[in-house]
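In this note's numbering, the protein residues as written are 17 to 195.
Listed below in C-alpha cells is the structure:
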C-alpha cells in the first residue's frame, strides 16, 4: 500500500510539472502495484504462458476477456498497458481519474458522433501507445468467454491494427469465495 501511495504522489508531481509521459508511466506502474496487492489479498496464482514483454509499446490492441472489476489491476500487472473503457467508468470517480492519469481512454459509444470521436482518438493514441481492450464489452462474472462485440474487431480490421490476445482464468474463483 505504501508503494501505491508513492506512485500516486510521484505521478501527481510529474503531472503538475507538465511531464505527462512520465506521469502516465508512474500511474501505470502504480496500477501494476495495485495488481500485486490484489493478487496477494485474493491468494490468486498467476501463470504466464508466452512473453508479454514482447507486446509493442504502440500500435497494438491487446484483447483480454473481461471477468469482473478486479481485471483492471491484474491486466495492468501482466500486460502493463493502459486500457480502453466504456463510458460507464465515468460513474466511478477514482477509477476514472486513475485510468485517465495512466494514459487510458474512454470509448463512448452512446451516440454516433461520440463513436466517431472515440475512433479518431483511439487511432491517434495508437501512434504512441498500445491499449488493453475488453472486446466482450462488459464484465461476464464467469470464466466463460462471451460473444465478442464486433466494434473493436471491425476497427482493428479496417485500420489494420495488430491484435495480441490474452486469456485469463481463475479470477472468478475469488469472486465466488467472497459471496
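Cβ coordinates follow ideal geometry from the N, Cα and C atoms, glycine included.
{"Item": "Between the CA atoms of residue 139 and residue 53 - distance to the nearest angstrom", "Value": "33 Å"}
{"Item": "DSSP-derived helix/strand/coil call for residue 134", "Value": "helix"}
{"Item": "Cβ shell of residue 106 (< 6 Å), same chain only, five flanking positions each side left out", "Value": "112"}
{"Item": "Coil, strand or helix - residue 77 by DSSP", "Value": "strand"}
{"Item": "Proximity below 8 Å, CB of residue 93 to CB of residue 48", "Value": "yes"}
{"Item": "Buried versus exposed, by CB contacts within 10 Å (16 or more), residue 66", "Value": "exposed"}
{"Item": "Touch test, the stretch 71 to 78 against the stretch 114 to 134, Cβ-Cβ under 8 Å, three pairs minimum", "Value": "no"}
{"Item": "Residues bridged to residue 45 (per DSSP)", "Value": "For residue 45, which the question treats as bridged, DSSP gives no partner whatsoever."}
{"Item": "Top-ranked residue by Cα proximity to residue 202, from 41, 28, 152", "Value": "Within the shown structure, residues of the chain are numbered from 17 to 195, placing residue 202 beyond reach of any answer."}
{"Item": "Cβ-Cβ distance between residue 102 and residue 161 below 8 Å", "Value": "no"}
{"Item": "Neighbour flag for residue 81 against chain B, beta carbons, 8 Å", "Value": "As a matter of chain content, chain B is missing from the structure shown, which is built from one protein chain."}
{"Item": "Continuous beta strand (DSSP E) stretch holding residue 123: start and end", "Value": "121 to 123"}
{"Item": "Cβ separation of residue 149 and residue 78, assumed to be a contact under 8 Å, to the nearest whole Å", "Value": "7 Å"}
{"Item": "Element boundaries [alpha helix (DSSP H), containing residue 28]", "Value": "18 to 32"}
{"Item": "Range of the contiguous alpha helix (DSSP H) that encloses residue 110", "Value": "109 to 117"}
{"Item": "Pair within 8 Å by beta-carbon distance, residue 61 and residue 186", "Value": "yes"}
{"Item": "CB contact flag (residue 46, residue 34, <8 Å)", "Value": "no"}
{"Item": "Whole-angstrom C-beta distance between residue 29 and residue 100, which should lie under 8 Å", "Value": "In fact, because the Cβ distance is near 27 Å, the residues do not count as touching under 8 Å."}
{"Item": "Coil, strand or helix - residue 158 by DSSP", "Value": "coil"}
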